[in-house]
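Residue numbers (my numbering): 47 to 208. The C-beta atom is built at its ideal place from N, Cα and C for all residues, glycine as well. Everything below concerns the one structure shown next.
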């Protein structure tokens with residue numbers, strides 16, 4: 047009996063603490079509120095440039111050609127349920143960017159499932175490779191594409207160019 051009460055108290059204390067610190071996932075794609083892709087993309091741009099400024103980098107500017115590549119890749123991932131930097135027909139990020147007409151690709155970040163721009167950029171900042179891409183001061187341009195799959199899961203592509 048004492049063990050059961052101890053376990054119940056632990057659950058009552060630790061579960062709310064996990065939820066408040068963001069260490070637990072509180073909503074699945076099926077029951078989370080859908081945020082417009084325009085809002086997601088604008089928020090990721092704002093948080094990206096905020097992190098870049100903190101690191102002493104100049105802001106990146108949006109580029110329509112990069113957006114063609116980023117959107118096509120996010121749409122492909124959402125359609126196929128594939129999460130990979132390797133895209134349709136084995137394409138790589140730099141090939142997709144060049145095909146879209148941008149001559150100097152720099153890097154690519156991808157994510158899926160996050161429900162806000164803040165969550166996406168926080169995840170990027172906690173991943174060494176994604177953080178390096180985001181804080182690469184030689185990058186001058188960016189595109190961020192968010193596309194929802196049919197089950198409501200968002201897929202993100204962030205393409206950088208020089």
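query	result
Cβ contact (3+ pairs, closer than 8 Å) linking the segment 162-172 and the segment 88-100	yes
Expected contact under 8 Å - CB spacing of residue 187 and residue 120 to nearest Å	Their Cβ separation, rounded to whole angstroms, is 17 Å, which puts residue 187 and residue 120 out of contact at 8 Å.
Three-state class that DSSP yields for residue 191 in the structure shown	strand
Span separating the alpha-carbon of residue 194 from that of residue 183	30 Å
Test item: CB-CB of residue 185 and residue 106 under 9 Å	yes
DSSP-derived helix/strand/coil call for residue 109	coil
Buried/exposed call for residue 151, threshold 16 Cβ in 10 Å	buried
Those runs of the alpha helix (DSSP H) which lie wholly inside the segment 82-163 and span at least 4 residues	83-100, 110-126 and 139-145
Inter-residue spacing [alpha-carbon to alpha-carbon] between residue 174 and residue 118	25 Å
Residue 208 - DSSP class collapsed to helix/strand/coil	coil
Residue burial classification, residue 200 (beta-carbon count within 10 angstroms, cutoff 16)	buried
Cα-Cα separation, residue 108 to residue 143	14 Å
Residue 180: first and last residue of the uninterrupted alpha helix (DSSP H) it sits in	174-180
Reduced DSSP category for residue 203 - H, G, I as helix; E, B as strand; rest coil	strand
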